[in-house]
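Since the structure comes first, as structure tokens, the remarks are kept for the end.
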Ligand code: NAD
């Protein structure tokens, strides 16, 4: 019988004591060592992170392996009850989880409460529904029909054989820091819905909400060993997890350089692997677009979540005859509406970047643009009383938060297409805007990248819109929109942005083995 108890989370950050969650118990790392952790808005130390090593990973994988037969044979409807309970508990604790996420990551409390945390609950509900009700044809081009314990797809008409999607075994789920809890839940929900057990290795930079999730999992009645969460660095904990002989599949979201390592390691050991990696996403703004709508959306696309979004609209190409008008409108809107500062203040548009090291990385690109002779503008709201100082490389000093890692909304123009600033993922509140003349040139510039995650095209000419969208090499291309999200659609990238597709039925495919019987 499932028990879905209420959960009591710590009242404040000082009460958070992060421990590994292995076989349903909270345990210290075997090394006894912890990594330092900081609130990015203040630079003050907060809850230390277990510096887990191979021994901890081994314990977690063993627990997951022994829970697998019970969990994978449990009727889907019972697993779904537990998933729905997790969703309810996340919703009930939305305000607290959003506050902790903000203090750990730097994003605004308002955005975490409106986007990150509700989405976590949605993932659990969505996959609970899939395993109990199946996927309606209207929801996807693939028709998967679910039974209670597995997902069956009938071979047409003759019915001489069936394909079955069965749970794979122990999964490794490795996640980044920009949407900390959201990235964990996006993988965890489909992974356990179909009957896998797992070891999660959240990023060492933002581990707090993943630790709080362990209390929710426990209260929701997730049986011991089904979900194990081990904290620590990529080298000490992530790599041993990927290499572990009893791990059957690896779902990784993070940077492209790390993804290449993880892909090579996992692929070499014949593990099923999904890589969701970085981006340097272009938008093409044609002169016949709805300019006002385009500007508003591009401001959001550039600076939402401090620009720490893999799909951030970080390369904006604007047709030459509206280029100056676009820039004027963009500057005006940012200076009026984008307040940078205390992430707990509901008026704040974005907060600090995640760490001091990341702030240094982002500002190094700003300095590079300056050295290369580009025009670099810091679009600081002149009426924002909290901003005390803007440094030459865009660091902001915010009153009362002088130790925080704040960067001004940065606009770079006059930069060469071949510059590292244009080609590499900066992952901060920095946008490059450049003009183009013809449709062909626009498409060529948009595709001149090693990445291929997201893109957007802006024109009121429907034929041109469809023609250009088809030519852009990206996993997602939006027409007159940015980040229009549908969890039933496949998500993933091309080139250095990744090799796989997840979400909805594509997650169910990835997290299962397909057998013909
Ligand atoms: P990262 O690659 O540094 O780390 C990601 C995770 O991998 C962390 O948990 C880290 O500890 C772990 N890791 C590091 N080295 C490892 C190794 N050798 N073996 C196994 N695990 C290892 O990425 P990050 O800085 O945390 O995140 C930012 C990146 O993530 C950006 O590039 C961003 O675009 C990308 N991202 C992509 C998506 C997507 O869906 N495509 C979503 C969010 C973020």
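Residue numbers (UniProt numbering): 1 to 517. Here a beta-carbon is modelled for each residue, glycine too, at the ideal position from N, C-alpha and C. Predicted model, so just to flag it, every value in this text is computed and none were measured.
Rounded distance between the beta-carbons of residue 56 and residue 237, thought under 8 Å: 7 Å
Using 7 Å as the cut-off, classify the Cβ of residue 174 as near or not near the heavy atoms of the ligand NAD, replying yes or no. yes
Minimum length 4: unbroken alpha helix (DSSP H) runs contained in the region 66-92: 76-92
Among 169, 134, 468, which residue has its Cα nearest to the Cα of residue 65? Residue 169 is the option with its Cα nearest to residue 65.
Quick check: the Cα distance between residue 217 and residue 366, rounded to an integer number of angstroms? 42 Å
Stretch pair the region 356-374 + the region 389-396: three plus CB contacts closer than 8 Å: In short, these stretches touch, since the Cβ pair count reaches three.
Spatial neighbours of residue 61 within its chain, please: C-beta separation below 7 Å, excluding the five flanking residues on both sides. 170, 199, 244, 246, 247
Counting C-beta neighbours from all protein chains within 10 Å, is the total for residue 485 16 or more, i.e. buried, or is it exposed? exposed
Do you know whose CA, among 298, 353, 415, lies nearest residue 333's CA? It is 298.
Check residue 401 in the structure and name its three-state DSSP category. strand
Alpha-carbon spacing of residue 300 relative to residue 496, whole angstroms: 24 Å
Could you name the residues of the same chain whose beta carbon sits closer than 6 Å to that of residue 22, not counting the 5 residues immediately before and after it, in chain order? 59, 60, 63, 228
Could you tell me if residue 388 is buried or exposed, where buried requires 16 or more neighbouring beta carbons within 10 angstroms of its beta carbon? Around the beta carbon of residue 388, fewer than 16 other beta carbons lie within 10 angstroms, which makes this residue exposed.
Hey, residue 97 and residue 82: beta-carbon distance below 8 Å or not? no
CB of residue 278 within 8 Å of CB of residue 255, strictly: yes
Hey, residue 335 and residue 347: beta-carbon distance below 8 Å or not? no
Counterpart residues of residue 284 in DSSP-defined beta bridges: 317, 457
With a threshold of 16 other CB atoms inside 10 Å of the CB of residue 320, please say whether the residue is buried or exposed. exposed
Select from 420, 512, 350, 356 the residue whose C-alpha is nearest the C-alpha of residue 371. 420
Do you know how far the Cα of residue 128 is from the Cα of residue 189? When rounded, the separation of the alpha-carbon atoms in residue 189 and residue 128 is 8 Å.
Who are residue 228's beta bridge partners in DSSP? Residue pairing by DSSP places residue 228 opposite 199 in a beta bridge.
Buried or exposed by the 16-neighbour rule on C-beta atoms within 10 Å, applied to residue 271: buried
I'd like to know whether the C-beta of residue 87 is nearer than 8 Å to at least one C-beta of chain D. In the structure shown, chain D cannot be found, because there is only a single protein chain.
Using the Cβ count rule (16 or more neighbours within 10 Å means buried), how would you classify residue 422? With 16 or more other CB atoms across the displayed protein chains lying within 10 angstroms of its CB, residue 422 is buried.
Rounded C-beta distance between residue 181 and residue 120? I'm assuming under 8 Å. At roughly 5 Å, the Cβ-Cβ gap stays under 8 Å, so residue 181 and residue 120 are in contact.
Hey, residue 331 and residue 282: beta-carbon distance below 8 Å or not? no
CA-CA distance, residue 402 and residue 191? Cα to Cα, residue 402 sits roughly 42 Å from residue 191.
Would you kindly report the start and end of the unbroken beta strand (DSSP E) that includes residue 47? That run of the beta strand (DSSP E) goes 45-50.
Looking at the structure shown, is residue 194 part of a helix, part of a strand, or coil, going by DSSP? coil
Is residue 338 near the ligand NAD - that is, is its Cβ less than 7 Å away from at least one heavy atom of it? no
So is the beta-carbon of residue 231 under 7 Å away from any non-hydrogen atom of the ligand NAD? no
Between the region 379-388 and the region 8-27, are three or more C-beta pairs nearer than 8 Å? no
Under DSSP, the beta strand (DSSP E) around residue 172 begins and ends at which residues? Where residue 172 is concerned, the enclosing beta strand (DSSP E) starts and stops at 170-174.
Please indicate yes or no: does the CB of residue 202 lie closer than 7 Å to some heavy atom of the ligand NAD? yes
According to DSSP, residue 413 sits in a beta bridge with which residue or residues? Answer is 375, 433.
Is the separation between the beta-carbon of residue 473 and that of residue 494 shorter than 8 Å? yes
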